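2 protein chains.
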Amino acid sequence: MLKISEPMVDNRKVVQSEISDGNCQKNILVEKHEKLPLEDTPFPFLKSLIPMMLTDGLEEGRKRNNKVVEFVHPKELKKRLDWMEISGEGTEDSKLLDACADIIKYSVKTGHPRFCNQLFGGMDEYSLAGSWLTEVLNTSQYTYEVAPVFTIMEKSIYKKLLSFAGFENGEGIFCPGGSVANMYAINIARYKRHPEIKTKGMTALEKPLVLLTSEKCHFSIKKAAILLGIGTDYVYTVKTDARGCMIPEDLDKRIEEAYDNGLEPFFVNATAGTTVRGAYDPIDKIADVCKKHRLWLHVDGAWGGSALMSRTYRHYLKGIERADSMTWDPHKLMGAPLQCAVILTRHKDILKQCNSACAAYLFQQDKFYDVSYDTGDMSIQCSRKVDVLKLWMLWKAKGDTGFEKDIDNAFHCSRYLAQKLKRTPGFKLLDEPQCTNVCFWYIPHSLRDQPETEEWWQKLHRVAPAIKKRMMENGSMMIGYQPDGKYVNFFRMIVTNLDTTEEDMDFLVDEISRLGKDL
Amino acid sequence: MLKISEPMVDNRKVVQSEISDGNCQKNILVEKHEKLPLEDTPFPFLKSLIPMMLTDGLEEGRKRNNKVVEFVHPKELKKRLDWMEISGEGTEDSKLLDACADIIKYSVKTGHPRFCNQLFGGMDEYSLAGSWLTEVLNTSQYTYEVAPVFTIMEKSIYKKLLSFAGFENGEGIFCPGGSVANMYAINIARYKRHPEIKTKGMTALEKPLVLLTSEKCHFSIKKAAILLGIGTDYVYTVKTDARGCMIPEDLDKRIEEAYDNGLEPFFVNATAGTTVRGAYDPIDKIADVCKKHRLWLHVDGAWGGSALMSRTYRHYLKGIERADSMTWDPHKLMGAPLQCAVILTRHKDILKQCNSACAAYLFQQDKFYDVSYDTGDMSIQCSRKVDVLKLWMLWKAKGDTGFEKDIDNAFHCSRYLAQKLKRTPGFKLLDEPQCTNVCFWYIPHSLRDQPETEEWWQKLHRVAPAIKKRMMENGSMMIGYQPDGKYVNFFRMIVTNLDTTEEDMDFLVDEISRLGKDL
């Protein structure tokens, strides 16, 4: 750590001399730290907590023979967490450590290879290192002045992500989650079409705007329609085929319908990896329809966009380079910790044009450095958490090759599982997987070899919730279930932990059989 | 860490027996961990990085005789961070550690007591512990299923914050920053007035909606007007008095103007602690005007809302209990790490009514536990980062009393500085501080004792940027500057680091004198 230079008059010279031995100093730092024991730091609470976090939180939390969750019902859990209430006085370290032990004990181990419940999971040493360092350096992404390293790092990561998307000359920004990224997309598309909305608002429009998306899209599109003042009635849903993919002909038809209803379609959302079934909408064909009607094409690749990193699976996003924007959540299939999501667009400068409010106290134009590095006015936020470092750290440690290998492995495991389910009595696959979602029913002995009547399906509808209950109480694994359209409750197995193996898939099949056999 | 119970049939009994010795187990954990050396964990990279983070990042980064920033211009910094680009192959640990040393070296030390540049700063051991544990447990706040502890913890913290705001029966939600919290407020206010907007959108309205806010409000109000489809033309600004506080009579006048223009006013934003000058709008009088016109009153207390925790300073928010909603950023004056912001409202259930999209895959109603604990549908986000733990940890460690003391100290230091500036030749205070912002000019010798002509002010306008440049190059401190209305560039000193002392204020005065005397 450099000392403040003295005396003041020779300030620049001193800075110069520090610069010249910068490299040398850096190496000393690293050498020193590799040997420095934790005991030398003056943070007694952290010193006790760190080993607890690393062992119980991380190491034990990832071991396959440990529980994924220690499930307790809400009211009972409240009782057990009786230390939670905050009173007038402070709390001593030992009690806080007790509380931390409880927090770890009763929290879901999302880094566990059998946590397959959501579109995120897994925990890598390097991403955790990136997260922890982010917290230590606690800054906001709005200006180069307060985030010099991270401003440059964001540019570097955007460039990489843009290149995977085929938006080489575009731009991007990290957002707090894919839902917000989708909101950005709708907002910039609306601005592109009607720049006057920025000043005049939606009421200046003659006709209501319509956005189109498949019936299987993520619910954030609807939430965005609410927040942006578009209205959910103007979210036109497009039919999907048997595999859950948008039917481009129906899109064309729905666009015509919107015109016929006196409305103005402006935005099409294609989903690359739907939330439930992992379906990829056919981007290339949808792009043809969008071109015909001159509509903005957004690809919500929050979940399945990471397939772009795999030469084997990127074909699912064929045509992506024709899109206007893309949502991509590295906190999902790339395994970065929450939150880590970006909106990418091939329209350079549109984010600032659309969102800028030119705050004079933050984005002063008479600063002494190149203010083009102050990117905060592109954002709808002011303070913006640094989300780039954990992704950079993970990516730098693995390289493109490592990422490709891991993502290929996740896809492979999902396909392995699907094949296994087809061969195993009592399991019924909905469909071959597209992204790493594997959707299936478990049919208990009591329901096997029977006609699939309405009543039979209604009985089957209750099987997944019953197994889920046992699974949570047992703590052995976590996977989700839901109904979907005509389908009664089915399991949705998500491979997103990049350490998943074929054996984990075997375990899943055995465990569900075991949990559900007497139902 | 508990093992998965076997055999499956007796699942519930096993869970019961684990419950009964839960407390015992907890104490063993803590005892064990207090003695466990870091060497026993299998994370070699983290083992090297942790001491580096704790010493260079945290300990050295907070020492007063170390630099706040090692400033390097963007192009030069890019050259020095030549390890940044990610290639096909992965990177070995030693090179990553070198990179981390550089990241720490060139990042701004926002925990340093002389980082007074933004509305956030400071770093407490307990908040860092909360942040780090959050990262280890990496989960999303949407359901009890995946965030049992944090769901309960959020409820407990909301209750406390609501009680400080006088919204005892209300509700709240953590958001990614105060700007987003302000957007929530405008959205729920709009929904409350015109619930049909949720489905029909803004174009269904006969008249454009108008929101009113002071000319000194945060720029997020304008950004929200863009995103929400209201339009910046319909952000009616209200005049402020000499101290930067909204003039209630002018608010009344502007509301009438809006009606006269055929528009529909619906929302008034009162700022509790403006960004530049820390002014508190007179909430009680504004509430009278809102009552008269039946408008939603929102208080943007992102910055100054924390005064509610101090019996000495909460009078600045007199009338807060009459407001409909409030933004409050614990990542500002409460010293929690970024991001930590909430929207509070006294209208129970409105967040869900307004924002819900009822995703069947996430908020299944046939779950086996009490699904009223699944609060995710209140949010405009889907995945939502856990922001509560770091605040809880900090608060629990300090207690209400500790917080009050720290906040009182920050206010005291700002007042101490203001008095000192009034006594010190070459300094000119804009105004007595309200929140902890202290705004002032430094007048170098060459400009002293001269008539304050237009030319003189123009010369003074260039002084703050010149001193800021030297300050950054020297690295001794960081404070911001900006023009504001009729005022040329002035310094804005922010006391937000809760460890700030009177001596830090003395240093600031000496240092600016030293940096600027020859200008």
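Line by line, the protein sequences are chains A and B.
Taking the UniProt record's numbering, the leading residue of the first sequence gets 1, the next gets one more, and so forth.
Taking the UniProt record's numbering, the leading residue of the second sequence gets 1, the next gets one more, and so forth.
Note that CB positions come from ideal geometry on N, CA and C, so glycine has one too.
Remember, it's a predicted structure, so these values are computed and weren't measured experimentally.
Short CB-CB distance (under 8 Å) between residue i and chain B
i	result
His-298(A)	no
Asn-355(A)	yes
Lys-90(A)	It should be noted that the sequence gives Gly, not Lys, for residue 90(A). Yes, its Cβ sits closer than 8 Å to a Cβ of chain B.
Gly-516(A)	no
His-482(A)	This sequence places Gln at residue 482(A); His is not what is there. Cβ-Cβ to chain B under 8 Å: yes for Gln-482(A).
Pro-433(A)	no
Gly-231(A)	yes
Ala-204(A)	yes
His-194(A)	no
Spatial distance of residue i from residue j (CA atoms)
i	j	result
Leu-344(B)	Asn-269(B)	14 Å
Tyr-442(B)	Lys-390(A)	41 Å
Ile-512(A)	Asp-284(A)	39 Å
Lys-459(B)	Ile-479(B)	20 Å
Asp-408(A)	Asn-497(A)	12 Å
Asp-124(B)	Thr-55(B)	14 Å
Ala-189(B)	Ala-204(B)	17 Å
Gln-353(A)	Val-136(A)	33 Å
Arg-423(B)	Cys-290(B)	42 Å
Arg-346(A)	Glu-171(A)	6 Å
Arg-314(A)	Ala-147(A)	34 Å
Glu-502(A)	Gln-419(A)	11 Å
Beta carbon proximity, residue i to chain A, threshold 8 Å
i	result
Gln-365(B)	no
Val-495(B)	no
residue 539(B)	Summary: the structure shown does not reach residue 539(B), with chain B confined to residues 1 through 519, and so no result is reported for it.
Asn-409(B)	no
His-73(B)	yes
Val-276(B)	yes
Pro-148(B)	yes
Ala-258(B)	no
Asn-437(B)	no
Lys-352(B)	no
Glu-503(B)	no
His-347(B)	no
Gln-419(B)	no
Met-246(B)	no
Leu-295(B)	no
Pair within 8 Å by beta-carbon distance, residue i and residue j
i	j	result
Glu-440(B)	Phe-491(B)	According to the sequence shown, residue 440(B) is Phe rather than Glu. Yes. Within cutoff.
Lys-276(A)	Tyr-361(B)	Residue 276(A) is actually Val in this sequence, not Lys. In contact: Val-276(A) and Tyr-361(B) (Cβ atoms closer than 8 Å).
Asp-233(B)	Lys-200(A)	yes
Pro-265(A)	Val-210(A)	yes
Asp-377(A)	Ala-357(A)	yes
Glu-432(B)	Arg-311(B)	no
Ile-221(A)	Val-238(A)	no
Leu-515(A)	Arg-462(A)	no
Ala-307(A)	Cys-175(A)	no
Leu-295(B)	Phe-120(B)	no
Gly-273(A)	Cys-100(A)	no
Ser-127(A)	Leu-333(A)	no
Asp-374(B)	Phe-363(B)	yes
Thr-401(B)	Glu-85(A)	no
Trp-457(A)	Val-438(A)	no
Val-149(A)	Gly-475(A)	no
Ile-286(B)	Leu-317(B)	no
Met-153(B)	Trp-392(B)	yes
Ala-323(B)	His-293(B)	no
Cβ contact (3+ pairs, closer than 8 Å) linking the region 371-391 of chain A and the region 177-187 of chain B
yes
Would you mind listing the beta strand (DSSP E) stretches within the region 111-185 of chain B that are 3+ residues and don't spill past its ends, in chain order?
The qualifying runs are 171-175.
Meets three-Cβ-pair contact criterion under 8 Å: the region 121-136 of chain B and the region 119-134 of chain A:
Output reads yes: the region 119-134 of chain A touches the region 121-136 of chain B.
Could I get the ranges of all uninterrupted alpha helix (DSSP H) runs contained in the region 62-86 of chain A, with 4 residues as the minimum, in chain order?
74-80
If we count Cβ pairs, one from each stretch, closer than 8 Å, do we get three or more for the region 159-170 of chain A versus the region 113-127 of chain B?
Contact fails: fewer than three Cβ-Cβ distances are below 8 Å.
Within the region 253-289 of chain A, note down every full beta strand (DSSP E) run reaching 3 residues or more, in order along the chain.
264-271
Considering only residues of the region 321-370 of chain B, which uninterrupted beta strand (DSSP E) runs meet the minimum length of 3 residues and lie entirely inside it, listed in chain order?
325-328 and 341-345
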